[in-house]
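A quick write-up on the structure given underneath.
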Amino acid sequence: MNQPVEKNPRQNEERELSVIDISKKGRQLLRSRRYSEAQKLFRLGLEKEPENPYLLSGMGDACRERGDFAESERCYRLLLDVDPDNLFALRGLGDVYKKLNRHTDAISQWEKYIALRPQDKFVMSRIADSYKVLQKYERAEQVYQQILHFAAEDRFALTGLADLQHQLGKDEEAIATYERVLKFDENELHILTIIGKLCWRISDFDRAQVYFSRAIQVDPTNPYALFGLGNCYRWHRQYDKALEIWKKILQHSKGTQALHTRMGDAHFHLGQFEQAEQSYQASLEFGDDLFSAAALICLYCQREKWQESSDYFWRFMNMAPLHHNPIDLLIKRFVYTENQVLLPNFFQYLLDRGEGSPTILTEIESQLKRLS
């Protein structure tokens, strides 16, 4: 004789819950991020009351968090059909559209929400962020400023505004706004490095050095802060200190092309020509770089290694599309390293060999006459 199948006691218990209890328990599960359990519970409640607004908004939230955007939208829409001013549905539907990269639709829902709750800074920040994605920068800035008008130290609005100012190249404004963000956490590494880079960009090198140094105190191995701090020492012509800092990056990674090029320059200024050669060659291992190739040409000329200089010169010219006038760049490199007296000898060497592009050789001949 077949034994009766025992029902899951938990399922029985849930089915006996009232709709109000289901709504409360479902919200508790949402707050605990137990979205799958919440979704099942809200579905059970909707079997009892398909148009219950609390269940529909809860189900919409649970589905949205689980990535089921079609079902989430359906729930919010059902709720808005009955109650067009439902705040939960307007906010939630905007969040769904944001997840789907439908930012115009998201803004439309959130602005309806803001019309009913004008000073919800969290939803206003979402509106500003979406305007930023849509490249409507002026409108985004207006919304951030509106938030700061009644919540002067709101972290999300300040960060969003600073990022926007940074993106638009308003460097000094961005620095000032990021510094206000730092009041929330003076050791926030990401912000410290950004301010350092922006200070560097506006040529405030001493201030940049302060921020990069602070970043390194937070994370002694951060490559962005180490690279920036090394640049500050390089600017002050403290090449030995710059190299000491930059070498710390290479303890944890292979570095970048820019790093190796700058290390080559530092070694060159210190008269460490073999190390400079190694750094420039390491830079070219990342790919074409006119500055490293020009530096090697200059370096080999200084050491009277004319053949090596010639080899790198033609490699340099093959990179020509990277610069509208590579010969002019090469001349500037010789002047920069105070080796311009070697340039006529090098150009004459190239002409005497007569190898390579006739057009380039004609240009070299013209440059040689001008230099003479």
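Numbering-wise (this note's numbering), the sequence shown opens with residue -3 and increments by one. Ideal placement from N, C-alpha and C gives every residue a C-beta, glycine not left out.
Does the beta-carbon distance from residue 241 to residue 255 come in below 8 Å?
If you number the sequence shown from 1, residue 241 lands on position 245. If you number the sequence shown from 1, residue 255 lands on position 259. No, these two residues do not count as a Cβ contact at 8 Å.
What's the gap between the Cα of residue 138 and the Cα of residue 250?
As a first step, residue 138 is located in the sequence shown; it is residue number 142 there, counting from the start. As a first step, residue 250 is located in the sequence shown; it is residue number 254 there, counting from the start. Distance between the alpha carbons of residue 138 and residue 250 is about 43 Å.
For the pair the stretch 95 to 104 and the stretch 75 to 83, tell me if three or more CB-CB distances fall below 8 Å.
The stretch 95 to 104, when compared against the stretch 75 to 83, does not touch it at the 8 Å Cβ threshold.
In its own chain, which residues sit with a C-beta less than 6 Å from the C-beta of residue 1, not counting the 5 before and 5 after it?
Locating residue 1 in the sequence shown gives position 5, counting from the first residue. Note that residue 1 scores a pLDDT of 45, beneath 50, so its modelled location is shaky and nothing firm can be said.
What are the complete alpha helix (DSSP H) segments, minimum 4 residues, inside the stretch 268 to 311?
Counting only runs of 4 or more, we get 269 to 280, 286 to 298.
Please determine whether the Cβ atom of residue 62 lies at a distance below 7 Å from any heavy atom of the ligand MG.
The ligand MG is not among the ligands present in this structure, which contains no ligands whatsoever.
By the 10 Å Cβ neighbour count, where 16 or more other Cβ atoms means buried, how is residue 227 classified, buried or exposed?
As a first step, residue 227 is located in the sequence shown; it is residue number 231 there, counting from the start. With 16 or more other Cβ atoms within 10 Å, it is buried.
DSSP three-state label for residue 265, please.
Locating residue 265 in the sequence shown gives position 269, counting from the first residue. Looking at residue 265 - three-state DSSP - the assignment turns out to be helix.
Quick check on the DSSP output: the alpha helix (DSSP H) that includes residue 219 runs from which residue to which?
Here residue 219 refers to the residue found at position 223 of the sequence shown. Per DSSP, residue 219 belongs to the alpha helix (DSSP H) from 219 to 231.
On the DSSP letters alone, give me the boundaries of the alpha helix (DSSP H) that residue 186 sits inside.
Start at 1 with the first residue of the sequence shown, and residue 186 comes out as number 190. Here the alpha helix (DSSP H) through residue 186 covers 185 to 197.
Between 199, 212, 64, 275, which lies nearest to residue 32 when the distance is taken from Cα to Cα?
To locate residue 32, count along the sequence shown from 1; it is residue 36. The candidate whose alpha carbon is nearest that of residue 32 is 64.
Counting C-beta neighbours from all protein chains within 10 Å, is the total for residue 279 16 or more, i.e. buried, or is it exposed?
For the purposes of this step, residue 279 is taken as residue 283 along the sequence shown, with counting starting at 1. Classification for residue 279: buried.
Does DSSP put residue 155 in a helix, a strand or coil?
Locating residue 155 in the sequence shown gives position 159, counting from the first residue. Three-state result, residue 155: helix.
Please report how far the alpha carbon of residue 275 lies from the alpha carbon of residue 257, in whole angstroms.
Numbered from its first residue, the sequence shown carries residue 275 at position 279. Numbered from its first residue, the sequence shown carries residue 257 at position 261. The straight-line gap from Cα to Cα measures roughly 6 Å.
Quick check on this structure: which residue in 143, 161, 296 has the alpha carbon closest to the alpha carbon of residue 131?
Numbered from 1 along the sequence shown, position 135 holds the residue referred to as residue 131. It is 161 whose Cα lies nearest to the Cα of residue 131.
Would residue 172 be called buried (16 or more neighbouring beta carbons within 10 Å of its own) or exposed?
As a working note, residue 172 is residue 176 in the sequence shown. By the neighbour-count rule (16 or more Cβ atoms within 10 Å), residue 172 is not buried but exposed.
Closer than 7 Å by C-beta to residue 262: which residues in its own chain qualify, once you throw out the five before and the five after it? Chain order, please.
Here residue 262 refers to the residue found at position 266 of the sequence shown. Around residue 262: 230, 235, 238, 239.
Taking residue 189 and residue 211 to be in contact with their CB atoms under 8 Å, please state how far apart those CB atoms are, rounded to whole angstroms.
Taking the first residue of the sequence shown as position 1, residue 189 is located at position 193. Taking the first residue of the sequence shown as position 1, residue 211 is located at position 215. The Cβ separation is near 5 Å, so the contact holds.
So for residue 83, helix, strand or coil by DSSP?
One-based indexing of the sequence shown puts residue 83 at position 87. It is helical.
So is residue 28 buried or exposed if we call it buried at 16+ other beta carbons inside 10 Å?
Translated into positions along the sequence shown, residue 28 becomes position 32. With fewer than 16 other Cβ atoms within 10 Å, it is exposed.
Three-state secondary structure (DSSP) at residue 258?
For this step, residue 258 is matched to residue 262 along the sequence shown. Of the three classes helix, strand and coil, the one that applies to residue 258 here is helix, per DSSP.
Let me know the secondary structure DSSP gives residue 248 once reduced to three states.
As a working mapping, residue 248 is identified with position 252 in the sequence shown. Correct three-state label for residue 248: coil.
Quick one, which of 225, 34, 314 has its alpha-carbon nearest residue 194's?
Your numbering for residue 194 matches position 198 in the sequence shown. Among 225, 34, 314, the Cα nearest to that of residue 194 is on 225.
For residue 272, which residues of its own chain have a beta-carbon under 7 Å away from its beta-carbon, when the five flanking residues on both sides are left out?
As a working mapping, residue 272 is identified with position 276 in the sequence shown. Cβ within range, chain order: 260, 263, 264, 295.
Kindly indicate the opening and closing residues of the alpha helix (DSSP H) around residue 325.
Here residue 325 corresponds to residue number 329 of the sequence shown, with the count starting at 1. That run of the alpha helix (DSSP H) goes 322 to 332.
Going along the chain, which residues of its own chain have a beta-carbon closer than 6 Å to the beta-carbon of residue 309, five neighbours each way excluded?
Your numbering for residue 309 matches position 313 in the sequence shown. For residue 309, where only same-chain residues beyond five positions count, the Cβ hits under 6 Å are 293.
CA-CA distance, residue 13 and residue 59?
The count along the sequence shown starts at 1 and reaches residue 13 at position 17. The count along the sequence shown starts at 1 and reaches residue 59 at position 63. Rounded to whole angstroms, residue 13 to residue 59 spans 21 Å at the Cα level.
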